[in-house]
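A short worksheet on the structure shown next.
In my numbering, the protein residues as written are 22 to 455.
Right, here's the structure in full:
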């Protein structure tokens, strides 16, 4: 109906524009004819009232001694000079009169032309205003029609959201995805409940439905929707939709959402949920310096090294592992994680002898048996290429794990392995003590 009203309005305005155009043309033509007629009339009056003539009045003084021939000669010369001057005077007057006439005619025509332009301008501005209103009506018609269409569509689609037919429900959500007339006050709570219910009755459409609903809800209230997403993740972290949902949650720049992410990373009460979170983080840029510092101070060692290993593989050289390890506590410097720490440095091209010795000194003194200490010393060969540094490293290990460790057996085993460097290092330490 809105479209029909616009069409009728366009027709009426088109008819009015045609009538107005004829009236404008008639008015302009009438003014032009009046201007030319007035000019001709004034010209005739001006021409008829002007007498272009000159009177001759020449006098001569005659005496008894006047020579007739001389008088005739003088008379002829005076006549000729007088006629010549009179002609010049007449021509000059005619030229001035004609010039004044032309100037007067031009001024008169310019005045009437200005009046015509004023009248024409008035009608033109009026028509431009009407054209603008008509254009606005034309441009507003599709928007008005679509608004009405989407409003009617919502009323028709809402009942289908609780349909038992999964295909009908999914198609309804897809149609609502492109609807621009959804509003937070009317529709947010309803759609958020529908999204949560998707996980109570999982079908093959659940993942697609959840993602479409999540996008719709983000448009209505972004911050509230991210909160809802984290709530759903905490309960349904194992669902395959999390592969797509988690990256969307991590895009939020808000502090409270970043804090939620940190809390899940450091949560040791549910390691499966933490593992799922790590698995579903495809963009490792989320691990900035702030997140990594929080991670090494609060997360479990397994989570810390899992993330750091992935980061080094994907962003080799971009992260300063040495600086990060300065925040490691004793949990991360126990025997099982020492080799992982050193390997991280090696993969990141930051391995140095002094760092290996420094980190050896920070190893927590756990109750290790001889075989474990022997393996620790054996691994030092890969990290300490210099013999003096190797001897210093073994000495540090002996000082930490000196009790109940059979170094004699260890030396025999190294000798049987033909590991000359370790045998010599042990002998050097023994001789120095003597």
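For glycine and all other residues, C-beta sits at the position ideal for the given N, C-alpha and C. The structure displayed is predicted, hence computed values, not measured ones.
- [ ] Measure the Cβ-Cβ separation of residue 401 and residue 411 and say whether it is below 8 Å.
- [x] Closer than 8 Å, so yes.
- [ ] Answer with buried or exposed for residue 347, where buried requires no fewer than 16 other C-beta atoms within 10 angstroms of its C-beta.
- [x] So residue 347 counts as exposed.
- [ ] For residue 242, collect the residues of the same chain with a Cβ closer than 8 Å to its Cβ; drop the 5 residues on either side in sequence, then sort them by chain order.
- [x] If we look at residue 242 and ignore the five residues flanking it on each side, its Cβ neighbours are 205 and 209.
Task: residue 23, buried or exposed, once every other Cβ within 10 Å from all chains shown has been counted against 16 - done: Confidence is the limiting factor: at residue 23 the pLDDT is only 42, short of 50, which leaves the residue's position unreliable, though a coordinate-based value still follows. When all chains shown are included, residue 23 counts as exposed.
Open item on the list: Whole angstroms are fine: how far does the CA of residue 283 sit from the CA of residue 442?
Closed with: Cα to Cα, the separation comes out at about 45 Å.
TODO: Let me know the secondary structure DSSP gives residue 301 once reduced to three states.
DONE: In this structure, residue 301 counts as coil in the three-state DSSP scheme.
TODO: Whole angstroms is fine: what's the gap from residue 418's alpha carbon to residue 329's?
DONE: So the two alpha carbons sit approximately 26 Å from each other.
Open item on the list: If distances are taken between C-alpha atoms only, which option among 435, 372, 322 and 275 comes closest to residue 17?
Closed with: With the chain covering only 22 through 455, there is no way to say anything about residue 17.
Task: Same chain only: Cβ atoms within 6 Å of residue 190, ignoring 5 sequence neighbours per side - done: So the qualifying residues of the chain are 184.
Task: C-alpha gap between residue 170 and residue 193, whole angstroms - done: Annotation: residue 170 to residue 193 spans about 15 Å, alpha carbon to alpha carbon.
- [ ] Give the DSSP-derived three-state secondary structure of residue 334 in the structure shown.
- [x] Looking at residue 334 - three-state DSSP - the assignment turns out to be helix.
Task: Host alpha helix (DSSP H) of residue 213 (start-end) - done: Segment 205-219, the alpha helix (DSSP H) holding residue 213.
Open item on the list: Considering just the uninterrupted stretch of the alpha helix (DSSP H) at residue 312, what are its terminal residues?
Closed with: Looking at the DSSP string, the run of the alpha helix (DSSP H) that includes residue 312 is 310-319.
Open item on the list: Please list the terminal residues of the continuous alpha helix (DSSP H) segment that includes residue 255.
Closed with: Counting along the chain, the alpha helix (DSSP H) containing residue 255 begins and ends at 243-257.
- [ ] Report all residues from its chain with a CB closer than 6 Å to the CB of residue 287; omit the five preceding and five following residues, and keep chain order.
- [x] Counting only residues of its own chain and dropping the five nearest sequence neighbours on each side, residue 287 has a CB closer than 6 Å to the CB of 319 and 320.
Task: Simplified DSSP state of residue 415, which is helix, strand or coil - done: Helix at residue 415.
- [ ] Could you say which of 376, 272 and 438 lies nearest to residue 307 if we only look at CA atoms?
- [x] Of 376, 272 and 438, the residue nearest in Cα terms is 272.
Task: Cα-Cα separation between residue 203 and residue 316, rounded to whole angstroms - done: Cα-Cα distance, rounded: 40 Å.
Open item on the list: Using C-beta distances below 8 Å, list every residue in its chain close to residue 226, excluding the 5 sequence neighbours before and after it, in chain order.
Closed with: Taken in chain order, the residues that qualify are 187, 188, 190 and 191.
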